[in-house]
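Peer 1:
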Amino acid sequence: MTVMSATAIEEFLDEVFPQRAGTIEGVDEMRATMSLAIEDEHLRPGACVSGPTMMGLADVCLYVAILAQIGPEPMAVTSDLHCRFLRRARGDRDLIANARIFKLGRRLAVGEVQLFSAGDEAPVALVTATYALPDSD
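Mapping to the UniProt record's numbering: the sequence shown position 27 is 27, numbers consecutive.
Spelled out as structure tokens, the structure:
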């Protein structure tokens with residue numbers, strides 16, 4: 001069961017992480033979806049989306065999925081992130097991130113994020129990440 005809505009998470013992130021990129025499209029049980037409107041600053045040579053842009057959106061999307069489950073916690077932090085770039089992410093389309101949490105424990109959360117160019121069925125990248133969660137006491 002989610003404990004924070006997408007709107008509540010956006011408001012929380014506006015306060016503690018205003019420099020993040022992307023828009024929350026929705027949250028659900030152990031999942032989140034975000035989008036990023038691609039601008040020139042997100043592109044690398046060849047008019048494709050840069051790796052740092054993709055990894056950044058994936059990282060924030062998994063954080064959003066975690067927040068939806070645990071509530072507002074600024075100190076849930078990335079402890080590991082691995083990205084597999086699968087194909088070119090088109091620079092003329094929004095980037096879509098779909099996060100899924102595999103394990104949500106007391107101290108660690110583990111999940112994956114699939115990234116897509118809007119309108120394409122095949123993912124452009126697959127990100128796996130672990131978040132360290134603060135002690136609850």
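Even glycine gets a Cβ: it sits at the ideal position worked out from N, Cα and C. Being a predicted model, the structure only gives us computed values, none of them experimental.
Going along the chain, which unbroken runs of the beta strand (DSSP E) with 3 or more residues stay wholly within the segment 5–47?
Peer 2: For the segment 5–47, whole beta strand (DSSP E) runs of length 3 or above, ordered along the chain, are 23–28, 31–36.
Peer 1: Give every residue of the same chain whose Cβ lies closer than 6 Å to the Cβ of Ala132, excluding the five residues on either side of it in the sequence, and list them in chain order.
Peer 2: Position 132 of the sequence shown, counted from the first residue, corresponds to residue 132. Answer for Ala132: Val77, Ser79, listed in chain order.
Peer 1: Give the range of the beta strand (DSSP E) segment to which Thr53 is assigned.
Peer 2: Mapped onto the sequence shown, residue 53 falls at position 53. Looking at the DSSP string, Thr53 is not in any beta strand (DSSP E); the run it does join, the alpha helix (DSSP H), is 51–70.
Peer 1: Label His42 either buried or exposed according to how many other C-beta atoms from any shown protein chain fall within 10 Å of its C-beta, with 16 as the threshold for buried.
Peer 2: Within the sequence shown, residue 42 is the residue found at index 42, counting from 1. Answer is buried; the Cβ neighbour count reaches 16.
Peer 1: Are Leu62 and Gly22 touching if we call contact CB-CB under 8 Å?
Peer 2: Indexing the sequence shown from 1 puts residue 62 at position 62. Indexing the sequence shown from 1 puts residue 22 at position 22. Their beta carbons are not under 8 Å apart, which means Leu62 does not touch Gly22 by this criterion.
Peer 1: Could you check whether Val49 and Ala97 sit closer than 8 Å to each other, using their CB atoms as the reference points?
Peer 2: On the sequence shown, residue 97 is found 97 positions in, with the first residue counted as 1. On the sequence shown, residue 49 is found 49 positions in, with the first residue counted as 1. Cβ distance not < 8 Å, so Ala97 and Val49 don't count as in contact.
Peer 1: Cα separation between Thr128 and Ala6?
Peer 2: Taking the first residue of the sequence shown as 1, we reach residue 128 at position 128. Taking the first residue of the sequence shown as 1, we reach residue 6 at position 6. Whole-angstrom Cα-Cα distance: 22 Å.
Peer 1: Taking the continuous beta strand (DSSP E) assigned at Arg84, which residues delimit it?
Peer 2: Translated into the one-based positions of the sequence shown, residue 84 becomes position 84. Run containing Arg84: 77–85, per the beta strand (DSSP E) assignment.
Peer 1: What did DSSP end up calling Glu112 once you bin it into helix, strand or coil?
Peer 2: Translated into positions along the sequence shown, residue 112 becomes position 112. Three-state result, Glu112: strand.
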